[in-house]
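Start counting the sequence shown at 1; every next residue gets the next number (the UniProt record's numbering).
Where is the CB? At the ideal position from N, CA and C, for every residue including glycine.
Values in this document were obtained by computation on a predicted structure and should not be read as measured data.
Okay, so here's the structure we're looking at.
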Amino acid sequence: MLKHSKTGPLKVALLAISPHNRAILEFFFSGAGRNLFRVVPEAEAEAFILDHDHPDAKEDWQQRAALRKPGIILSVHPAELPNCIWIPKPLTSRALTDAADRVQELAANLTPESDKAQRPSVNSTTQVAAEKPAVKQAEVHFRDLPQPFGIPTHTERSDRKSRSLIINLPDEEEPEEEAAPAMPEADIPITVFDPAEADIPLEEVDRPVDDSLSQEEAENRWKALCGEQDDVQSAADVALFTPENYVLSTILEAIRVARDTQQTVYLKLSPQDYALLMPQQGLAYCTLDTRSEEFRVLCNNPVQTGQIALHIPNSAELEGLEQHAMQNADALLDLEAFVWVSSLLTARGRLGRGVEIEQTISLKYWPNLTRLEQFPHIMRIAALWNQRPASSLDIANALAIPQRYVFAFHTAANALNLFEMDQNKLKSREKEQPKQENRGFFSRLLKRLLGGGTK
């Protein structure tokens, strides 16, 4: 890990940044550069980072020029702006490291002497206490960084592109409800909606969520993810697959090793392709595009003994592998998203052998749908399964949707450990649920969501 030689992490705000370069910066900030930079809200920033090649760059910078804060300018061609350091593209860890020192010096020169006198030493013990922000503020700081498996975020993702379309809600007026008395935090059950979804218009995914996909392409992708299985009448007729026969089994083992050791795991997928699972950054890097036919075939077909292998790279190997990943940031995705899509492509709308099909289970956490591949009815499935315990068949029947979508959701969510299967905990939760039921906006919206949509 790189360490700053003069001061603590430089507090930076990201302005106009392309998705590609944002991915590179997030990868660097959450890994080797975590002691060099810290992403904060604009009001707290000591410096700005700006993608000079972005269409909004000029306007963004002009609006903040009067703040007299230094900047790091990312650009293919040399760029000269007052009080700024230029970093050429493609970005490298060395260039970002060098820029940190230079910007710290710029910031010190731009800061009035009166402010310097009031600023505590970065090495003092008081800084530790001072830099423990309130919970909400800390969540804003790290709203774009990867989240741990199964832990719902509590941030608004206002800068994320909406990944869903809009559900048509009834126009009738709802009677205003009396404000409920404040409840102790300990008595509040698990929230139905992950607040990370607050910026996503709620609807059924029945049209492409990717603007580049045609309707036909989207439907073909959903078939790849969820299969084409017909509904069955009984649990005995449900199509099953054996996870141990597929690459998914090794991926889940690699994830376990990575999380237990907190080390990057190298997963060999073929003689020429591999995946890096990086638990500290919460990222995966795969040389195969997860939307490609090659990756689909890899997940679909049983693997031979020894075909897939994993190991923990040594420091020399890791430096080269991470540098390669940084230079190919388009191939980076959330660790959670990598497991999710691998599970869907393997299961294709089936349940894993060994699953208790008629077991009543409940969703502990709402999947972060801003980062996961979606398919029809996914939000209604998640909402109902979070609202009440049920089996896969019960969910499909209650929503009147094809079973394959529920089975696909079950397999992928189970791989991420999103389900509560402890029957004692489920019973305890059911006793608490009525205290909070049918109250407020989310309850009304949930009723509409579960009652709407097309088959």
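Sequence-distant residues of its chain with Cβ nearer than 6 Å to residue 461 (five each side left out): It is not possible to answer for residue 461, since the shown part of the chain is limited to 1 through 455.
Hey, could you find the ends of the alpha helix (DSSP H) residue 223 is sitting in? Within the sequence shown, the letter at position 223 stands for residue 223. Here the alpha helix (DSSP H) through residue 223 covers 215-226.
8 Å contact criterion, which residue 85 and residue 329 should meet: CB distance rounded: Here residue 85 is taken as the residue at index 85 of the sequence shown, counted from 1. Here residue 329 is taken as the residue at index 329 of the sequence shown, counted from 1. Rounded, the Cβ-Cβ distance is 21 Å, inconsistent with contact.
Residue 355 in three-state terms, based on DSSP: Within the sequence shown, the letter at position 355 stands for residue 355. Reduced to three states, the DSSP call for residue 355 is coil.
Could you work out which residue in 393, 371 and 54 is closest to residue 235 when comparing CA atoms only? Sequence index remark: in the sequence shown, residue 235 carries index 235 (1-based). The candidate whose alpha carbon is nearest that of residue 235 is 393.
Extract the residue ranges of the beta strand (DSSP E) inside the segment 270-321, only unbroken runs of 3 or more that lie entirely within it. 274-278, 283-286 and 309-311
Cα separation between residue 110 and residue 81? Position 110 of the sequence shown, counted from the first residue, corresponds to residue 110. Position 81 of the sequence shown, counted from the first residue, corresponds to residue 81. The alpha-carbon atoms of residue 110 and residue 81 are separated by roughly 15 Å.
Verify whether the separation of the beta carbon atoms of residue 283 and residue 367 is less than 8 Å. Against the sequence shown, residue 283 aligns to sequence position 283. Against the sequence shown, residue 367 aligns to sequence position 367. No.
Given 8 Å as the limit, is there contact between the segment 273-287 and the segment 215-230, that is, 3 or more CB pairs closer than that? no
Would you mind reading off the limits of the beta strand (DSSP E) that contains residue 37? By 1-based counting over the sequence shown, the position of residue 37 is 37. Its beta strand (DSSP E) spans residues 37-39.
CA-to-CA distance, residue 405 to residue 369, given in whole angstroms: On the sequence shown, residue 369 is found 369 positions in, with the first residue counted as 1. On the sequence shown, residue 405 is found 405 positions in, with the first residue counted as 1. Distance between the alpha carbons of residue 369 and residue 405: 15 Å.
Helix, strand or coil for residue 69, going by three-state DSSP, please let me know. If you number the sequence shown from 1, residue 69 lands on position 69. Three-state DSSP puts residue 69 in coil, outside helix and strand.
Provide the residue span of the beta strand (DSSP E) that contains residue 265, from first to last. Sequence index remark: in the sequence shown, residue 265 carries index 265 (1-based). Here the beta strand (DSSP E) through residue 265 covers 265-268.
Would residue 322 be called buried (16 or more neighbouring beta carbons within 10 Å of its own) or exposed? As a first step, residue 322 must be located in the sequence shown, where it is residue number 322. The residue is buried, with at least 16 neighbouring Cβ atoms inside 10 Å.
Relative to the alpha-carbon of residue 8, which residue among 371, 103 and 275 has its alpha-carbon at the smallest distance? To locate residue 8, count along the sequence shown from 1; it is residue 8. From the listed residues 371, 103 and 275, the smallest Cα separation to residue 8 is found for 103.
Name the DSSP beta bridge partners of residue 362, please? Position 362 of the sequence shown, counting from 1, holds the residue named residue 362. Answer is 420.
Once the 5 residues before and after residue 51 are set aside, which same chain residues still bring their CB inside 7 Å of it? By one-based count along the sequence shown, residue 51 stands at place 51. Cβ within range, chain order: 16, 17, 18, 21, 57 and 74.
Residue range of the unbroken beta strand (DSSP E) whose run includes residue 12: In the sequence shown, residue 12 corresponds to position 12, counting from 1. Note, residue 12: beta strand (DSSP E), 10-14.
Express the C-alpha separation of residue 421 and residue 327 in angstroms, rounding to a whole number. On the sequence shown, residue 327 is found 327 positions in, with the first residue counted as 1. On the sequence shown, residue 421 is found 421 positions in, with the first residue counted as 1. Spanning the two alpha carbons is a distance of roughly 41 Å.
Opening and closing residue of the alpha helix (DSSP H) in which residue 375 lies: Position 375 of the sequence shown holds residue 375. Here residue 375 belongs to no alpha helix (DSSP H), and DSSP marks it neither H nor E.
Straight-line gap, residue 224 to residue 97 (C-alpha atoms, nearest Å): For the purposes of this step, residue 224 is taken as the residue at position 224 of the sequence shown. For the purposes of this step, residue 97 is taken as the residue at position 97 of the sequence shown. Straight-line Cα distance between these residues: approximately 43 Å.
CA nearest to the CA of residue 37, picked from 337, 338, 89 and 93: In the sequence shown, counting from the first residue as 1, residue 37 sits at position 37. Minimum Cα distance to residue 37 is reached at 93.
Between residue 258 and residue 247, is the Cβ-Cβ spacing less than 8 Å? Numbered from 1 along the sequence shown, position 258 holds the residue referred to as residue 258. Numbered from 1 along the sequence shown, position 247 holds the residue referred to as residue 247. The answer is no: Cβ separation not under 8 Å.
The segment 306-325 / the segment 352-364 touching (three or more Cβ pairs under 8 Å): When Cβ pairs closer than 8 Å are counted between the two stretches, the segment 306-325 is seen not to touch the segment 352-364, the count staying below three.
Decide if residue 380 is buried, meaning its Cβ has at least 16 other Cβ atoms within 10 Å, or exposed. The count along the sequence shown starts at 1 and reaches residue 380 at position 380. By the neighbour-count rule (16 or more Cβ atoms within 10 Å), residue 380 is buried.
Residue 462 and residue 76 closer than 8 Å at C-beta: Residue 462 lies beyond the residue range present for the chain, which begins at 1 and ends at 455; the question has no answer from this structure.
Could you name the residues of the same chain whose beta carbon sits closer than 8 Å to that of residue 145, not counting the 5 residues immediately before and after it, in chain order? Walking along the sequence shown from the start, residue 145 turns up at place 145. Since pLDDT at residue 145 reaches only 39, below the 50 mark, its modelled position is unreliable, and no value is offered.
Closest residue to residue 227 among 371, 407 and 43 (Cα-Cα distance): In the sequence shown, residue 227 corresponds to position 227, counting from 1. Selected option, being the one with the closest Cα: 407.
Nearest-angstrom Cβ-Cβ length linking residue 267 and residue 310, presumed shorter than 8 Å: Walking along the sequence shown from the start, residue 267 turns up at place 267. Walking along the sequence shown from the start, residue 310 turns up at place 310. Indeed they touch by this definition, with Cβ atoms about 5 Å apart.
Between residue 262 and the rest of its own chain, which residues show a CB-CB distance below 8 Å, the 5 nearest in sequence each way excluded? By one-based count along the sequence shown, residue 262 stands at place 262. For residue 262, where only same-chain residues beyond five positions count, the Cβ hits under 8 Å are 279 and 280.
Suppose you measure from the CA of residue 293 to the CA of residue 299; what does that come to, to the nearest Å? Against the sequence shown, residue 293 aligns to sequence position 293. Against the sequence shown, residue 299 aligns to sequence position 299. Distance between the alpha carbons of residue 293 and residue 299 is about 10 Å.
Length of the line joining the Cα atoms of residue 308 and residue 287: Within the sequence shown, the letter at position 308 stands for residue 308. Within the sequence shown, the letter at position 287 stands for residue 287. Distance between the alpha carbons of residue 308 and residue 287: 15 Å.
Can you tell me the Cα-Cα spacing of residue 260 and residue 254, whole angstroms? Against the sequence shown, residue 260 aligns to sequence position 260. Against the sequence shown, residue 254 aligns to sequence position 254. Whole-angstrom Cα-Cα distance: 10 Å.
Reduced DSSP secondary structure (H/G/I, E/B, other) of residue 19: By 1-based counting over the sequence shown, the position of residue 19 is 19. Residue state, collapsed to three classes: helix.
Return helix, strand or coil for residue 389, following the three-state DSSP convention. On the sequence shown, residue 389 is found 389 positions in, with the first residue counted as 1. Reduced to three states, the DSSP call for residue 389 is coil.
Candidates 244, 10, 375 and 43: closest to residue 35 by CA position: Looking up residue 35 in the sequence shown gives position 35. Measuring from the Cα of residue 35, the nearest candidate turns out to be 10.
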